[in-house]
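Novice:
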Amino acid sequence: MQTVRQLLDSKANRSLVYVSPDNTVFQALQVMAESDIGAVLVMESGDIVGIFSERDYARRIVLQGRTSAGTKVRDIMTSRVVYVTPQQTLDQCMALMTEKRIRHLPVMEDQTVLGILSIGDLVRATIEEQEQVINHLVHYIQSA
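And the structure:
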């Protein structure tokens, strides 16, 4: 089973995208659109203070009648950030995402953010792993 570290090492784009809690929601949405991502870390002085996702926007701006230009990220971000370590397995990440009903997991090691994993990253890696197993089985059967 692949670890978080192995998946992070294989990701093509490992750039860390984040916003300040003092940015407006509109600014955060612009950053997310430019990076083609569904969630962004909220960082202050190098520390994670929250995570802001499309779900936060839909539930705390649109449904509450707020404006994205007039609301700070700190006012609607999710401040209880669930994270994983590089040693954890992808199965553990999937279980955590399912249990917590989240789609993004920051990866932390010694108070340092190493990256962020999305549900798409985990599904892609799982499919690749399954394809490798199938290819090995086919090769085994053909050589028997």
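Per UniProt numbering: the sequence shown = residues 1 to 144.
C-beta atoms are modelled at their ideal positions from N, C-alpha and C, and glycine is treated no differently.
For the candidate residues R60, A12 and M108, whose alpha-carbon lies nearest to that of V81?
Specialist: V81 has its Cα closest to that of M108, out of R60, A12 and M108.
Novice: Please classify Q53 as buried or exposed, where buried requires at least 16 other C-beta atoms within 10 Å of its C-beta.
Specialist: The question names Gln, but residue 53 is Ser in the sequence shown. Classification for S53: buried.
Novice: Taking the C-alpha atoms as reference points, what is the distance between N23 and A33?
Specialist: Each residue's alpha carbon lies about 15 Å from the other.
Novice: Considering L137, what are the terminal residues of the alpha helix (DSSP H) in which it resides?
Specialist: It spans I119 to S143 - the alpha helix (DSSP H) in which L137 sits, taken as one unbroken run.
Novice: Rounded to whole angstroms, what is the Cα-Cα separation between T85 and V4?
Specialist: Taking the straight line from one Cα to the other gives about 7 Å.
Novice: Within its chain, find whatever has a CB closer than 7 Å to the CB of C93; leave out the 5 residues flanking it on each side and keep chain order.
Specialist: Same-chain partners within the cutoff: V4, V84, L105, L117 and L122.
Novice: Entirely within the UniProt domain "CBS" (12-68) and at least 3 residues each: give me those beta strand (DSSP E) ranges in chain order.
Specialist: Runs of the beta strand (DSSP E) inside the UniProt domain "CBS" (12-68): 39-44 and 47-53.
Novice: The ligand GDP and E129: does the residue's C-beta get closer than 8 Å to at least one heavy atom of that ligand?
Specialist: Among the components modelled here there is no ligand, and therefore nothing to report on the ligand GDP.
Novice: So M97 is in the beta strand (DSSP E); what residue range does that whole segment cover?
Specialist: Where M97 is concerned, there is no enclosing beta strand (DSSP E), although the alpha helix (DSSP H) it sits in stretches over L90 to K100.
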